[in-house]
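To keep things clear, I will list the structure first and then write my remarks on it.
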Amino acid sequence: MVNSHRDAFFKNPSEVIQQLYEKHGLDSIEDKLIDEFNNLVNLPTDIDSIPELESADFGTLVRWTAMVQDTGYGTEMYISTSSNDKCLVYGANQNEDVQFDNDQDDFSRIRERTNIYAVEIPGNNNESKPIKEDLLGGPSHKFPLQDRNNKLGVLLKLYDNDSGGSLRPATVYEFVGILGKSALPRTLDSIEEDNVQETIVPSLHVLYSQQVDNKPSSVVVEKDVGEHIITWLADEVLGGDKLAAHYLLLSLVSKTQSRKAGSPIGTLPITLSLPENENTSELKIVKAIEALTNLSVYLALSIDKLNERRLYPHSNGDDLNSGSLQVSPSTCLIFDERHLGQGTLKDTGVRNVHSIQNVIQSQKLEYNFPFSAFPFETDLITVILTDHSKSIIPGTIHINVKPTSDNYYGELSIPKHIKLWKEFILQSRQKQVTIPDEVSSIIQQSFVDERQAHKQNGGTGEGTSSDDLGRRITMARLLTSLDDGESNTMNNDHWNLITKLEKEREERC
117 MVNSHRDAFF KNPSEVIQQL YEKHGLDSIE DKLIDEFNNL VNLPTDIDSI PELESADFGT
177 LVRWTAMVQD TGYGTEMYIS TSSNDKCLVY GANQNEDVQF DNDQDDFSRI RERTNIYAVE
237 IPGNNNESKP IKEDLLGGPS HKFPLQDRNN KLGVLLKLYD NDSGGSLRPA TVYEFVGILG
297 KSALPRTLDS IEEDNVQETI VPSLHVLYSQ QVDNKPSSVV VEKDVGEHII TWLADEVLGG
357 DKLAAHYLLL SLVSKTQSRK AGSPIGTLPI TLSLPENENT SELKIVKAIE ALTNLSVYLA
417 LSIDKLNERR LYPHSNGDDL NSGSLQVSPS TCLIFDERHL GQGTLKDTGV RNVHSIQNVI
477 QSQKLEYNFP FSAFPFETDL ITVILTDHSK SIIPGTIHIN VKPTSDNYYG ELSIPKHIKL
537 WKEFILQSRQ KQVTIPDEVS SIIQQSFVDE RQAHKQNGGT GEGTSSDDLG RRITMARLLT
597 SLDDGESNTM NNDHWNLITK LEKEREERC
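Residue numbers (this note's numbering): 117 to 625.
Structure follows, in structure tokens:
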């Protein structure tokens, strides 16, 4: 009986809503519908039983995992019942005639809900799902990645205004609700213009939402996985350069663990400086990062592109335009400077470089509004590719790649263990590494010894700086996170290897 009632709710929620309305009236109908939903669906364990939005019909119950793009539409007033007493709450009975007489009507029919715009997750490397044609489209300026086809954006309608106010831009959520169609809220400029047609987009009347983090789905217990990934990156992706492979993997498992005085702790942004090469094939490293991560975005930088389109979100006051930097946490941003070209950065270009620099150094992205800018915290991985001695974007660890062959271009053969490796990287990113007191003492003493040796050898300046020390500690933590299973305790071997890697890297500079 429960299953048949649940199936009816999934296929025709309007009928269930109407029954609740006829039984209880409008008073607290939103709460009663949520109770009915919770009685029928045990979330999150039963989430897979709900059809996915991409292939569902309008008017049915669906689920959708998406990134919040714009929370600035605010609330709207709507009529909760039709002229022939049909309930319109949560998008029920959308084809019913709605009339309202200001002089005679009951104002208790007017209710309030919050509008939020969400888009498919940018840079999703998992297998894409086919999307029904009548769901595609939406304003192009709402999508972070302009060169993608089959874009899916949805107007979320939340009936709990408190929960609507808690959703943050560039955050991923799992939503469950009733699929419908709605007009996108109009901007002040479009309201003042004549003959401006409404933009009709898919809408989701949200019954349930839960933030989704990029976490492993299983525990990896296999041995030496980290070493296998480094060997593959060196031999198949980076032309035999094991040093560069170490730094790339450490960067991929890095994340913002905490903040100190506003600065992120735990990140490892890198610049890989490749030899100049006339090969026009794609770099294998781009495909390798796509294979090893759930989320990545490749951005080819040139002076013209930097000057043309803003990479940061910006608003004219009542509608937020997205930018390529508006991506969800744990996304790997790949900036390719190899074809930067000649020219002068104009205002937009300068602002774009400043935004990239802020994301790298502060893990913050500014959203620009007409008279202000608001920074939102990010947690992004950044890899810069260049064939110059320096990057135009400061603040990264620079590695001069020394390949022994030119096989870092062209087609990349993906190993059969790639799913296991991807899970391992996600697992490593979640580890909380501990540093025993004896290892902490070794680190401090090595720092003192290096500075003293620098002075005794007649070196200028302070030698190894406190920033150098902080970077090495971060790298040693990341190296520890690559240990097998749940091991998360740093030891002297971790520290010695990081010291060796850093000295070799510095010798290449």
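Note that the Cβ used here is the ideal one computed from N, Cα and C, for glycine as well. As the structure is a prediction and not an experimental result, all values here were calculated from the model.
Cβ-Cβ distance between residue i and residue j below 7 Å
i, j, result
"L204", "V270", "no"
"I386", "V499", "yes"
"T409", "C448", "yes"
"R545", "V288", "no"
"P167", "V178", "yes"
"Y189", "P301", "yes"
"G228", "T191", "The question names Gly, but residue 228 is Glu in the sequence shown. Taking 7 Å as the Cβ cut-off, E228 and T191 qualify as a contacting pair."
"E539", "V336", "yes"
"K127", "L136", "no"
"S99", "G526", "The structure shown does not extend to residue 99, since the chain is modelled only from 117 to 625, so the question has no answer here."
"W180", "F259", "no"
"I294", "P129", "yes"
"I381", "Y414", "no"
"E406", "N241", "yes"
"A208", "I150", "no"
"H610", "T596", "yes"
"Y324", "L159", "yes"
"S521", "G356", "yes"
"M606", "I558", "no"
"L251", "L268", "yes"
Residue i versus the options, residue with shortest Cα-Cα distance
i, options, result
"R233", "D351, S505, R227, P255", "Looking at the sequence provided, one finds Tyr at residue 233 rather than Arg. That would be P255, whose Cα lies nearest to the Cα of Y233."
"K462", "Q373, N423, G439", "N423"
"N395", "Y524, D495, N432", "Y524"
"T494", "G355, R467, Q479, E146", "Q479"
"K339", "E602, L613, K248, T197", "E602"
"A592", "D276, N573, H362", "H362"
"R588", "Q560, E249, K421", "Q560"
"L272", "R302, V235, Q327", "V235"
"P285", "G465, M183, T372", "M183"
"E620", "E578, L542, K518", "K518"
"L528", "D164, V402, G439", "V402"
"S418", "G439, V469, G378", "V469"
"W537", "T347, N573, T161", "T347"
"S171", "I247, I145, I163, G280", "I247"
"E343", "N608, E623, L598, D609", "L598"
"L585", "D600, D565, Q572, G574", "D565"
"I509", "Y483, D522, Q477, I534", "Q477"
"P429", "S199, N604, T464, E152", "T464"
"F223", "K202, I145, S196, D201", "S196"
"I78", "S334, I551, S199, I345", "No answer is possible for residue 78: the residues shown for the chain start at 117 and end at 625."
"N432", "P486, S379, N608, V292", "P486"
"V555", "T580, N608, S505", "N608"
"N330", "S438, I497, P391", "I497"
"E618", "M606, D583, D600, N604", "D583"
"H533", "V341, T460, S488, F174", "V341"
"F125", "N516, G141, F153, E138", "F153"
"G141", "D162, R225, T460", "R225"
"T187", "Q458, D434, G574", "D434"
"M193", "N231, K376, K506", "N231"
"R122", "Q568, I614, E623, I163", "I163"
Bridge-paired residues (DSSP) for residue i
i, result
"R375", "P380"
"N437", "H430"
"K297", "P318"
"S199", "Answer is none; S199 lacks a bridge partner."
"Y324", "V292"
"R264", "Partner(s): none; R264 has no beta bridge."
"T230", "T191, L274"
"I513", "I386"
"T502", "S389"
"P491", "E482"
"I346", "In the DSSP output, where bridge partners are listed per residue, I346 has none listed."
"G269", "V235"
Contact belief for residue i with residue j at Cβ below 8 Å, rounded distance in angstroms
i, j, result
"T503", "S367", "In the sequence as presented, Thr is not what sits at residue 503; that position holds Asp. Actually they do not touch by this definition, with Cβ atoms about 19 Å apart."
"S446", "I237", "Not confirmed; about 11 Å, so no contact."
"G296", "Q210", "5 Å"
"A404", "L349", "7 Å"
"L436", "L427", "The pair is not a contact, with the Cβ atoms about 14 Å apart (cut-off 8 Å)."
"V322", "L274", "5 Å"
"S471", "E453", "Contact doesn't hold; Cβ gap of about 15 Å is too wide."
"L542", "P332", "4 Å"
"K364", "L501", "Position check: residue 364 holds Leu in this sequence, whereas Lys was assumed. Actually they do not touch by this definition, with Cβ atoms about 11 Å apart."
What alpha helix (DSSP H) runs, 4 residues minimum, are completely inside the stretch 518-603?
534-546, 553-572, 582-597
So within the stretch 127-196, which uninterrupted beta strand (DSSP E) runs reach at least 3 residues, ignoring any that extend past its ends?
177-186, 191-195
Suppose only complete runs of 4+ residues qualify. What are the alpha helix (DSSP H) ranges in the stretch 401-483, listed by chain order?
419-424, 463-478
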